[in-house]
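Per my numbering, residue 2 is the first one in the sequence shown, and the count goes up by one each step.
A quick write-up on the structure given underneath.
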Amino acid sequence: MSQILNRYFLCMILLFSIVLTKAQTVKMLSSGNRISLRGLSVVDDNTIWVSGSNGTVGKSIDAGNNWTWMKVKGFDSTDFRDIEAFNDSTAIIMGISEPAYILKTTNGGKDWKIVYENKTKGMFLDAMDFADDKTGFVIGDPINDHFFKASTLDGGEHWYPYPEKFAPVADSAEACFASSGTNIRSTKKLKVVLVSGGKKSNILVGNKKYSLPLLQGKESTGANSVAVNQKKIIVVGGDFTTKDATDGNCCYSLNTGKTWSIPTTAPHGYRSCVEYLHDKVWISCGLNGSDISTDDGNTWNWISKDSFNACRKAKKGTAVFFAGGNGRIGKLIW
2 MSQILNRYFL
12 CMILLFSIVL
22 TKAQTVKMLS
32 SGNRISLRGL
42 SVVDDNTIWV
52 SGSNGTVGKS
62 IDAGNNWTWM
72 KVKGFDSTDF
82 RDIEAFNDST
92 AIIMGISEPA
102 YILKTTNGGK
112 DWKIVYENKT
122 KGMFLDAMDF
132 ADDKTGFVIG
142 DPINDHFFKA
152 STLDGGEHWY
162 PYPEKFAPVA
172 DSAEACFASS
182 GTNIRSTKKL
192 KVVLVSGGKK
202 SNILVGNKKY
212 SLPLLQGKES
222 TGANSVAVNQ
232 KKIIVVGGDF
242 TTKDATDGNC
252 CYSLNTGKTW
262 SIPTTAPHGY
272 RSCVEYLHDK
282 VWISCGLNGS
292 DISTDDGNTW
302 NWISKDSFNA
312 CRKAKKGTAV
322 FFAGGNGRIG
332 KLIW
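Below is the structure:
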């Protein structure tokens, strides 16, 4: 009798999980303008900031129902590919290349001040991440065979580049993708995790470097994004020129990068961003849609075919939002 009851409860749990997965989808909140959005920061369930091409920044304080759009004065042609927001007043944006800029606002985007500028030839910033409201990091493509890396300890007011000898060493033809602002993550213990792509695709966990079992060998291949939950790490990417290809687009580690596994069912195409949600649940998005995993990355279910570049969960809350090309902004319904 006990065996029958155990089987019954297992079946009910499996059925409930399937129903939950199928019920999840992405609701489109905004689309139609010609801005490519790659920067996304979700402060709480109501406060969302986005950034992108043509010097554009957007903000919503009502869960994405209404948006305030702004052009950063003097930066009309700058592509702000990453943004970090702390509340509805304070945010930091990253302009990618030659010269590369980091700007900060403390009055809701009315005014922006330059907090970092780099005119080095070949400079290209890819992503930034903050461990808390004070400590943050920014990563850039290699110069002189070393990734550019800088940090801040005062909430982005000042940035300090690492001396070349202390910056991560890059392999030949290895770089980063500024596709979603998530190829660098800083954990609470301040161990920075970085993924790279190109002809070589690696992960750096602190000072340890591991090769990734992802598609690589071309400038368009490799890792685009990494997400971390304690010892669990998921990396996504692929080849952004073949958006529907599933080969080598995802891998996961359960032991902080020491060993890696390939999903039994991979995400359904190239993926530019991955985000940890809760328990064993992760979400990923790319040019042909979004997938969700409820088993720590081993199997992925296609929940939306809308194109997005980035997906992020609220720092303080449960809401999950998406940002992409053509001004697309979405919200996970779950």
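Here a beta-carbon is modelled for each residue, glycine too, at the ideal position from N, C-alpha and C.
Rounded to whole angstroms, the Cβ separation of Ala311 and Ser181 is 4 Å, and the two are in contact under 8 Å. The residue from Arg39, Phe241, Lys259, Ile93 with its alpha-carbon nearest to that of Trp160 is Ile93. Fully contained in the region 87–141 are the following beta strand (DSSP E) runs of length 3 or more, in chain order: 92–96, 101–106, 114–119, 126–131.
Just so you know, the alpha carbons of Val275 and Phe322 end up roughly 12 Å apart. Where Ser254 is concerned, the enclosing beta strand (DSSP E) starts and stops at 251–254. When secondary structure is reduced to three states using DSSP, Glu175 falls in the strand class.
For Asn230, the secondary structure class from DSSP, reduced to helix, strand or coil, is strand. DSSP, reduced to helix, strand and coil, places Phe167 within a helical segment of the structure shown.
Counting only the Cα atoms, Ala267 lies some 10 Å from Ala246.
In the DSSP assignment, the residues bridged to Ile330 are Ser31, Ala324. Beta-bridge partners of Lys60 (DSSP): Trp50, Thr69.
In the DSSP annotation of this structure, the continuous segment of the beta strand (DSSP E) that includes Leu41 starts and ends at 38–43.
Per the C-alpha coordinates, the member of Asp155, Gln217, Ile204, Asn67 positioned closest to Ala228 is Ile204.
In the three-state reduction of the DSSP assignment, Ala224 falls in the strand class. Bridge partners of Arg186 according to DSSP: Val194. For Lys210, the closest of Ile235, Gly239, Ala171, Cys177 by C-alpha to C-alpha distance is Ala171. When secondary structure is reduced to three states using DSSP, Ala151 falls in the strand class. In this structure, Val73 lies away from Ala315, with their beta-carbon atoms at least 7 Å apart.
The DSSP-derived three-state label of Ala24 is helix.
The beta carbon of Phe309 lies closer than 7 Å to those of Cys286, Ser291, Phe323, Ala324, Gly325, Arg329, Gly331 in the same chain, with the five residues before and after it left out. Ile204: member of the beta strand (DSSP E) spanning 203–206, first to last residue. DSSP places Arg272 in no beta strand (DSSP E); its state is neither H nor E.
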